[in-house]
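Number of protein chains: 2
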Amino acid sequence: MSKHAKEMGILKEHLGKHQLKFTRQRELILDAFLKQEHITAEEMYHQLARKDPHLGLATIYRTLNLFCEAGLAQARHFGTQTQYDNVSHKGHHDHLICTGCGKIVEFENCDIERLQEEVATRNGFTIQTHRLELYGLCSRCRH
Amino acid sequence: MSKHAKEMGILKEHLGKHQLKFTRQRELILDAFLKQEHITAEEMYHQLARKDPHLGLATIYRTLNLFCEAGLAQARHFGTQTQYDNVSHKGHHDHLICTGCGKIVEFENCDIERLQEEVATRNGFTIQTHRLELYGLCSRCRH
DNA sequence: GTTGAAATTGATAACCCGTCTCAAAAAGAA
DNA sequence: TTCTTTTTGAGACGGGTTATCAATTTCAAC
Ligand SMILES: [Mn+2]
Ligand SMILES: [Mn+2]
Ligand SMILES: [Zn+2]
Ligand SMILES: [Zn+2]
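Just so you know, the sequences run in chain order A and B. Letter by letter, the first sequence follows residues 0 to 142 of numbering that gives the first Met the number 0. Letter by letter, the second sequence follows residues 0 to 142 of numbering that gives the first Met the number 0.
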């Protein structure tokens, strides 16, 4: 049994439902993706160049976006490039981002989420998604 | 006394401190900007084309960024284009965004802000800025 | 295992948004 | 008015992502 059998199953189910095909590239990219917390398309491009020098950047973008549709990833726009966030084996979470060194810390806070719901309700909204990012200096960069 | 005397004063003070000049374009753009809650550079470009058909898009971008430096505006990246948020006469606030009609509602919630500080402290971070956006359907779009 | 329709891939062109460049114009202190 | 400095407008440019399209691969049906 492969290391990422569960996620591979999720992907295959999504492919089946949308008459999409299981390819060597999709398998390769999923394997690499699941080893990361966050990764950009370019980073993955360079990383995978060793395993398959012919893998195109467009394929990486297409595949990471496919993972988002399948619920395995979530696209986040921290800085200039899109970060693809691995959410397959942890639930929703938000981020602390160090403006000094770029370090990213994940966190989850039910109290904040609850207050968000309250705000939405008070304004007649039904929340579908949200984005909470805290930018600042980590302990190392403060000194 | 002009309608936007206070903000014009803030701008002029900023200009003075940085040996920048007060121009017809900057005055025109500030006047238009202060009538909005949020606006993109393109929107303002088209809107002002009537008053001055020769006003360049680059000037609008430069001037809106200047307003950010002067503390009159804040750049926000809701969708694909940068929204310049009028913060001159209200303090910091966050946003509810309707994914149906694009409506944007501003809100402020001290409890959420306090919890954010707690999360940051717990992780050794000092917050500089944050971004909180709640995406969902407004009451009209839900039906 | 072959066949053949449908999906996918990779190279690269196109795209979008925003910034940069630079010569001409405007500001404003003296 | 003079003269230096800043600003402007037109368009070129740049980074990140998506669109295009011919060649290849997948996979269901024989
Ligand atoms: Mn994350
Ligand atoms: Mn606002
Ligand atoms: Zn840091
Ligand atoms: Zn709506």
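C-beta atoms are modelled at their ideal positions from N, C-alpha and C, and glycine is treated no differently. Model, not experiment: these values are computed from the prediction.
Item	Value
Using only Cβ atoms and a threshold of 5 Å, which residues come within that distance of a heavy atom of ligand 1? Order them by chain position.	A:84, A:105
Any idea what DSSP makes of residue 135 of chain B, helix, strand or coil?	strand
Do the region 60 to 70 of chain B and the region 107 to 119 of chain B meet, that is, are 3 or more Cβ pairs less than 8 Å apart?	no
Using the rule of at least 16 other Cβ atoms within 10 Å of the residue's Cβ for burial, across every protein chain shown, is residue 87 of chain A buried or exposed?	buried
Figure out for me which residue from B:50, B:43, B:52, B:74 has the closest Cα to the Cα of residue 59 of chain B.	B:43
What is the C-beta distance between residue 163 of chain B and residue 92 of chain B, in whole angstroms, given that I count them as a contact (C-beta under 8 Å)?	A query on residue 163 of chain B cannot be resolved here, the shown segment of chain B reaching from 0 to 142 and no further.
Using CA atoms only, rank isn't needed, just tell me which of A:76, A:98, A:135 is closest to residue 80 of chain B.	A:76
For residue 33 of chain A, I'd like the list of residues in its chain whose CB is within less than 7 Å of its CB, leaving aside the five on either flank, ordered along the chain.	3, 6, 85, 87
What's the C-alpha gap between residue 52 of chain A and residue 117 of chain A?	50 Å
Would a check of beta-carbon distances place residue 127 of chain B closer than 7 Å to chain A?	yes
On the DSSP bridge assignment, give the partners of residue 60 of chain B in chain order.	Beta-bridge pairing links residue 60 of chain B to no other residue.
Taking 6 Å as the cut-off, is the C-beta of residue 34 of chain B nearer than that to any heavy atom in ligand 4?	no
Can you pull out the residues from the region 93 to 107 of chain A whose beta carbon lies closer than 8 Å to at least one beta carbon of chain B?	95, 97, 98, 104, 106
Is the distance from the Cβ of residue 124 of chain B to the Cβ of residue 100 of chain A below 7 Å?	no
For residue 14 of chain B, decide whether its Cβ has a neighbour in chain A, counting only Cβ atoms nearer than 7 Å.	no
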